[in-house]
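J.:
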Amino acid sequence: MKRLLQQTCSKVSKYCDKKLSDNDLAHLDKLYRSLLTRGKKELPPIPPKPIGKRGKLARSDAHNLHERLKKYETAVLLLAKDPQVLFTNNRAERDLRMANVKRKVSGCLRTEIYAQTYCQIPSSLQTMANKGHNPLIAIQIALAGNIYSVEGE
Numbered sequence: 001m002k003r004l005l006q007q008t009c010s011k012v013s014k015y016c017d018k019k020l021s022d023n024d025l026a027h028l029d030k031l032y033r034s035l036l037t038r039g040k041k042e043l044p045p046i047p048p049k050p051i052g053k054r055g056k057l058a059r060s061d062a063h064n065l066h067e068r069l070k071k072y073e074t075a076v077l078l079l080a081k082d083p084q085v086l087f088t089n090n091r092a093e094r095d096l097r098m099a100n101v102k103r104k105v106s107g108c109l110r111t112e113i114y115a116q117t118y119c120q121i122p123s124s125l126q127t128m129a130n131k132g133h134n135p136l137i138a139i140q141i142a143l144a145g146n147i148y149s150v151e152g153e
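In the working numbering, the protein residues as written are 1 to 153.
#1: Mind listing, in chain order, the continuous beta strand (DSSP E) runs of no fewer than 3 residues lying wholly within the region 21–104?
#2: Can the beta-carbon of alanine 138 be found closer than 8 angstroms to that of serine 124?
#3: Could you give the first and the last residue of the continuous alpha helix (DSSP H) run that contains methionine 128?
#4: Our contact map puts leucine 77 next to aspartate 29 with C-beta atoms below 8 angstroms; I'd like the distance itself, whole angstroms only.
#5: How should valine 101 be labelled, buried or exposed, when 16 other C-beta atoms within 10 angstroms of its C-beta is the threshold for buried?
#6: Contact defined as beta carbons within less than 8 angstroms: I believe methionine 1 pairs with leucine 43. What is the distance between those atoms, to the nearest angstrom?
#7: For cysteine 9, name the three-state secondary structure that DSSP assigns.
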């Protein structure tokens, strides 16, 4: 499964529009389902529930992963269908890393307002960069007090 998703990631990155063709999507869907079927056959058996025990029986990690991959099949395959969905969460991790380093270096963000302000600054800069604006110009505009007037918006 991991290899299939990695191959799909590299194949999607080669396309200009960052999504697979309908033919490739159908093939990916077929491979995904066949891997789930093969994986189900290889799962270890679930031991019988002991007499007198109540509640849900704990399953192995393999069972839980198989159930999640089956339940969220459309979400997993959305990575290949929608160019807006990223294959990795590296960007989210990078966004959180700055705040975590700040928290560790300074000991804490003293009040909730300071923490919110600290989070708003990189968020605003990232939004401006995603819209294609120069972040330095966005900082100049914000310091001038015209935060909402970036190139005619």
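Backbone N, C-alpha and C fix where the C-beta goes; we use that ideal spot for every residue, glycine too.
T.: Walking through what the data contain:
#1: none
#2: The residue you call residue 138 lines up with position 138 of the sequence shown. The residue you call residue 124 lines up with position 124 of the sequence shown. Cβ atoms of alanine 138 and serine 124: closer than 8 angstroms.
#3: Taking the sequence shown and counting its residues from 1, one reaches residue 128 at position 128. Element bounds for methionine 128: 112–130.
#4: Numbered from 1 along the sequence shown, position 77 holds the residue referred to as residue 77. Numbered from 1 along the sequence shown, position 29 holds the residue referred to as residue 29. 7 angstroms between Cβ atoms; contact.
#5: Numbered from its first residue, the sequence shown carries residue 101 at position 101. Per the 10 Å Cβ criterion, exposed.
#6: Counting from one through the sequence shown, the residue named residue 1 turns up at place 1. Counting from one through the sequence shown, the residue named residue 43 turns up at place 43. Wrong, their Cβ atoms sit about 13 angstroms apart, outside the cutoff.
#7: The sequence position of residue 9 within the sequence shown is 9, counting from 1. In the structure shown, cysteine 9 sits in a helix (DSSP, three-state: H, G or I).
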